[in-house]
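Okay, so here's the structure we're looking at.
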Amino acid sequence: QLQIWDYADGTLIEDIPWRTGASVTQPCMLYAAQFNKGPRSGELICAGGSGANEAKVMHNKGPVGQPDAWTTIGIVTGMDKGCFTVDFSSGDSAGEPELVALGGGDGVVRVMEIGYGDDGEEVL
Numbered sequence: 034q035l036q037i038w039d040y041a042d043g044t045l046i047e048d049i050p051w052r053t054g055a056s057v058t059q060p061c062m063l064y065a066a067q068f069n070k071g072p073r074s075g076e077l078i079c080a081g082g083s084g085a086n087e088a089k090v091m092h093n094k095g096p097v098g099q100p101d102a103w104t105t106i107g108i109v110t111g112m113d114k115g116c117f118t119v120d121f122s123s124g125d126s127a128g129e130p131e132l133v134a135l136g137g138g139d140g141v142v143r144v145m146e147i148g149y150g151d152d153g154e155e156v157l
């Protein structure tokens, strides 16, 4: 599972379940995670790891710490080796797209655009 901690006082804020949907068969040891940047900073988190060799982008629909606030909006599975780094672009307010990049042990960098529907909800 993915956990969010308060580094200032060392308390656990939230457990985010990882093994849901397509990723229930094999555990994933998470090596990388990052919140998104830019005008909607903190609404998204991308994380990835090895074992299941997958990465997910999740959207936070409520305040941090609220049960079931995180929803998976995108998943990359079937990588030959683990995902060891993730990064979001700044996605500025001037119309530049928000991107997320995944780097893995297979030597491939995958770049995806985060889009927004008419209702403002994120789609990958």
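In this note's numbering, the protein residues as written are 34 to 157. Don't be surprised by glycine CBs; every beta carbon is placed ideally from N, CA and C. As the structure is a prediction and not an experimental result, all values here were calculated from the model.
query, result
"Relative to the alpha-carbon of Arg52, which residue among Gln67, Trp38 and Ala88 has its alpha-carbon at the smallest distance?", "Ala88"
"According to DSSP, Met145 sits in a beta bridge with which residue or residues?", "Val133"
"Checking 9 Å against the spacing of the C-beta atoms, do Val119 and Gln34 come in under that value?", "no"
"Is it true that the CB of Gly124 sits closer than 9 Å to the CB of Arg73?", "yes"
"Reducing DSSP to helix, strand and coil, say where Gly107 ends up.", "strand"
"On a CA-only basis, which of Leu135, Val141 and Trp38 is nearest Pro108? Give me that one, please.", "Looking at the sequence itself, residue 108 is Ile, so the reference to Pro does not match. Considering only alpha carbons, the answer is Leu135."
"Run through the DSSP bridge pairs and tell me what Trp38 is partnered with.", "Leu45"
"Consult DSSP for Gly82 and reduce its assignment to one of helix, strand or coil.", "strand"
"On the criterion of 16 or more Cβ atoms from any shown chain inside 10 Å, does Ala127 qualify as buried, or is it exposed?", "exposed"
"Taking its Cβ as the centre, do 16 or more other Cβ atoms sit within 10 Å of Val141, making it buried, or is it exposed?", "exposed"
"What are the boundary residues of the beta strand (DSSP E) that includes Gln99?", "Counting along the chain, Gln99 falls outside any beta strand (DSSP E), and DSSP gives it neither H nor E."
"Classify Gly75 as buried or exposed, calling it buried when 16 or more other Cβ atoms lie within 10 Å of its own Cβ.", "exposed"
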